[in-house]
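Mapping of the sequence shown onto the numbering used here: position 48 corresponds to residue 41, and the numbering continues sequentially without gaps. Virtual Cβ for every residue (Gly too), placed ideally from N, Cα, C. Here the structure is a predicted model, which means the values were calculated and not measured.
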Amino acid sequence: MHELSIVISLMDQIEDVARVNKLVKIDEIQLETGVLRQVIPEVMQEAFESVKLNTICENAVLTILEVPALVVCNKCKSQFEPAIDDFLCKNCNLADVKTLKGNEIILKAIIGDK
Ligand SMILES: [Zn+2]
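This is the structure in structure tokens:
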């Protein structure tokens, strides 16, 4: 259930943003999740539904946007989209890569009312 801990820390961020922007009600939260984090959207939604009660997000919708992974081979510098457990470069036959995308969880947008 690592989705639950993600949602809980997310709520802290959202409440900070709401306070700074003087929002009284949140309508929608857009979240970008990198596929390498292996977040299950349905589990994330369930966690959100249970955590949002009695918060500023009580009536908010969570929109999850999955970000595909992108890695670059350290040897030949070619970039490719890896499978979740296969980081092998097709050119070099080596799994020596740097992750460029797919490892992040980003609060992309918070839509609310003042
Ligand atoms: Zn390579």
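- As computed with DSSP, Val64 is found in a beta bridge with Phe73, Thr92.
- The C-alpha of Ile22 lies about 11 Å from the C-alpha of Leu58.
- For Glu(-4), the enclosing alpha helix (DSSP H) starts and ends at -5 to 13.
- Using a Cβ distance threshold of 9 Å, Glu(-4) and Met37 count as a contacting pair.
- Straight through space, the alpha carbons of Lys107 and Ala76 are spaced by roughly 43 Å.
- In this structure, the CA atom of Glu74 is about 7 Å from the CA atom of Pro61.
- In the three-state reduction of the DSSP assignment, Val28 falls in the helix class, which pools H, G and I.
- With 5 Å as the limit between CB and the heavy atoms of ligand 1, the residues that fall short of it are Cys66, Lys68, Cys69, Cys82, Asn84, Cys85.
- Counting along the chain, no beta strand (DSSP E) covers Ala40; the unbroken alpha helix (DSSP H) around it starts and ends at 34 to 44.
- Listed as beta-bridge partners of Val54 by DSSP are Glu21.
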